[in-house]
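**Student:** Here's a structure for you.
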Amino acid sequence: MSVHLLPDALVANLPKSVIIFGCGYIGTALAEVLLAAGVRVGALTRNVQKATRLRELGVHEVIVADLDSDAWHGQFTGAYESVVNCVSSAGGGIDGYRKSYLEGQRSILKWAKGRGIQSYLYTSSTSVYPQDGGVRVDETADTADAPLTGQVLCESERLLADAADTFGAWYVLRLAGIYGPRRHYLLDLLRAGESVIPGVGDYFLNLIHRDDVVTAICTALTCHPSSKSGIYNVSDDQPASKAELVAWLAKQLGQVPPLFDPEHVSPRLQRRGGRMPSRQISSSKFRETFRWSPQYEDFRAGYRDLLGIKKA
Ligand SMILES: NC(=O)c1ccc[n+]([C@@H]2O[C@H](COP(=O)([O-])OP(=O)(O)OC[C@H]3O[C@@H](n4cnc5c(N)ncnc54)[C@H](OP(=O)(O)O)[C@@H]3O)[C@@H](O)[C@H]2O)c1
Numbered sequence: 233m234s235v236h237l238l239p240d241a242l243v244a245n246l247p248k249s250v251i252i253f254g255c256g257y258i259g260t261a262l263a264e265v266l267l268a269a270g271v272r273v274g275a276l277t278r279n280v281q282k283a284t285r286l287r288e289l290g291v292h293e294v295i296v297a298d299l300d301s302d303a304w305h306g307q308f309t310g311a312y313e314s315v316v317n318c319v320s321s322a323g324g325g326i327d328g329y330r331k332s333y334l335e336g337q338r339s340i341l342k343w344a345k346g347r348g349i350q351s352y353l354y355t356s357s358t359s360v361y362p363q364d365g366g367v368r369v370d371e372t373a374d375t376a377d378a379p380l381t382g383q384v385l386c387e388s389e390r391l392l393a394d395a396a397d398t399f400g401a402w403y404v405l406r407l408a409g410i411y412g413p414r415r416h417y418l419l420d421l422l423r424a425g426e427s428v429i430p431g432v433g434d435y436f437l438n439l440i441h442r443d444d445v446v447t448a449i450c451t452a453l454t455c456h457p458s459s460k461s462g463i464y465n466v467s468d469d470q471p472a473s474k475a476e477l478v479a480w481l482a483k484q485l486g487q488v489p490p491l492f493d494p495e496h497v498s499p500r501l502q503r504r505g506g507r508m509p510s511r512q513i514s515s516s517k518f519r520e521t522f523r524w525s526p527q528y529e530d531f532r533a534g535y536r537d538l539l540g541i542k543k544a
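With my numbering applied, the sequence shown corresponds to residues 233 to 544, in that order.
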């Protein structure tokens, strides 16, 4: 990750200090970019190896703790302008969702109260939307019928919205499916020579490259006015069917496109009726409000980069 990812104007307006909760794929990439931009970064992780890595990167304060307890509350000594909560459930089914997303959010909000936090950003997911059938989905879409996991995320979003008065600004970014370096499951399957892909291919994937998630977070963090507070979808706005993506990848690798096997689905998918919902996520609101656009405008641009292919 490189600070050159961020335009100079953005670097100049970043908060002076940011605390990141949940240092996985996104949290660590964000920490790297912020550190390179001269921001003081604090981080909470529950993983000792990650803590070592974060200290090596130069993160100023690293606490190893389970987010959902209050035991870590007294351990951070620095003051922070902004909070980024990007924990994931990291497995554990619905109980893992409640523990990490809901109790985690509750714990951070309790800690953050009265600390003069300017902005609080929470990475939620487009999985809160129950819509199907290929429809276009923006932030006004009803989430009442969200799957159980999506309901937990919505509840966690509401906790933040209800605490709005505590912060200068708050943002919920509902992220589409994240891909990027070391995270490209379908490419891995093809490279392994798989000729059959589990499940079906006739539904829309909504994607966002890791680096574009990082720039979206940084962009929101530079905007403190509470008038911009709210819920935003963040995707590349170029939904494509899974079959289209797989066929394109196969072509780049000089392979025959694999077949899909609808009979072979994961237990998670089986619980969702054997297929993922198909909808086209719109992130116009985020683009227009923050004048942001992704560096990787669609999956082709992102995967070309991952494959080391120069654009013709
Ligand atoms: N991945 C996607 O495609 C996707 C799509 C939409 C939205 N999102 C959202 O985007 C955000 C970032 O995702 P990601 O891909 O970076 O996730 P990730 O790689 O799984 O990282 C999340 C981190 O949260 C930590 N964590 C989970 N529960 C915790 C707890 N109770 N206490 C302390 N740390 C805890 C995990 O720690 P351990 O390493 O110790 O488990 C992990 O390092 C998440 O909020 C996720 O819900 C992701």
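All C-beta atoms, glycine included, are put in the ideal place defined by N, C-alpha and C.
Could you check the C-alpha separation between glutamine 512 and leucine 437 for me, to the nearest Å?
**Tutor:** Taking the straight line joining both Cα atoms gives about 8 Å.
**Student:** Quick one: using the 10 Å Cβ neighbour count with 16 as the cut-off for buried, is asparagine 317 buried or exposed?
**Tutor:** With 16 or more other Cβ atoms within 10 Å, it is buried.
**Student:** Based on the DSSP output, what are the partners of valine 273 in its beta bridges?
**Tutor:** DSSP output for valine 273 lists Val250 as bridge partner(s).
**Student:** Is it the case that the CB of cysteine 386 approaches a heavy atom of ligand 1 more closely than 7 Å?
**Tutor:** Outside the cutoff, so no.
**Student:** Three or more beta-carbon pairs under 8 Å between the segment 375–394 and the segment 427–442, yes or no?
**Tutor:** No: fewer than three Cβ pairs fall under 8 Å.
**Student:** Compare the Cα-Cα distances from threonine 521 to each of Ala395, Tyr403 and Leu419 and report the closest residue.
**Tutor:** Looking at the Cα atoms, Tyr403 is the closest of the given residues.
**Student:** Give every residue of the same chain whose Cβ lies closer than 6 Å to the Cβ of asparagine 245, excluding the five residues on either side of it in the sequence, and list them in chain order.
**Tutor:** These residues qualify, in order along the chain: Thr454.
**Student:** Measure how close the beta-carbons of glycine 274 and valine 291 come, nearest whole angstrom, since I'm counting them as under 8 Å.
**Tutor:** At roughly 7 Å, the Cβ-Cβ gap stays under 8 Å, so glycine 274 and valine 291 are in contact.
**Student:** Can you tell me whether DSSP reads alanine 261 as helix, strand or coil?
**Tutor:** In this structure, alanine 261 counts as helix in the three-state DSSP scheme.
**Student:** Would you say valine 497 and proline 413 are within 8 Å of each other, going by their C-beta atoms?
**Tutor:** No.
**Student:** Where does serine 427 land, buried or exposed, given buried means 16+ other C-beta within 10 angstroms?
**Tutor:** Serine 427 comes out exposed.
**Student:** Closer than 7 Å to a non-hydrogen atom of ligand 1 - does that hold for the CB of leucine 276?
**Tutor:** Yes.
**Student:** In the DSSP output, which residue or residues are listed as bridge partners for arginine 368?
**Tutor:** BP columns for arginine 368 point to Gln512.
**Student:** Report yes or no: do the segment 302–315 and the segment 350–359 share at least 3 C-beta pairs separated by less than 8 Å?
**Tutor:** Yes, they touch.
**Student:** Quick check on valine 367: buried or exposed, where buried means 16 or more other Cβ atoms within 10 Å of its Cβ?
**Tutor:** Its Cβ having fewer than 16 others within 10 Å, valine 367 is exposed.
**Student:** What number of angstroms, rounded off, separates the C-alpha of arginine 532 from the C-alpha of serine 458?
**Tutor:** Roughly 36 Å separates the two Cα atoms.
**Student:** Would you mind listing the alpha helix (DSSP H) stretches within the segment 475–507 that are 4+ residues and don't spill past its ends, in chain order?
**Tutor:** Taking only runs of at least 4 residues, the alpha helix (DSSP H) segments lying wholly in the segment 475–507 are 499–503.
**Student:** Alanine 408 to leucine 501, Cα distance in whole Å?
**Tutor:** So the alpha carbons of these two residues sit roughly 18 Å apart.
**Student:** Looking only at DSSP bridge pairs, what is serine 314 linked to?
**Tutor:** Serine 314 is bridged to Val250 and Ser351.
**Student:** Who does tryptophan 402 pair with in a DSSP beta bridge?
**Tutor:** Answer is Tyr352.
**Student:** One question on the structure: do leucine 392 and proline 490 come within less than 8 Å of each other, judged by their Cβ atoms?
**Tutor:** No, these two residues do not count as a Cβ contact at 8 Å.
**Student:** Are there any heavy atoms of ligand 1 lying less than 7 Å away from the beta-carbon of cysteine 255, as far as the coordinates show?
**Tutor:** Within the cutoff, so yes.
**Student:** Flag leucine 391 as yes when its Cβ comes closer than 7 Å to any non-hydrogen atom of ligand 1, and as no otherwise.
**Tutor:** Leucine 391: no, Cβ never under 7 Å from ligand 1.
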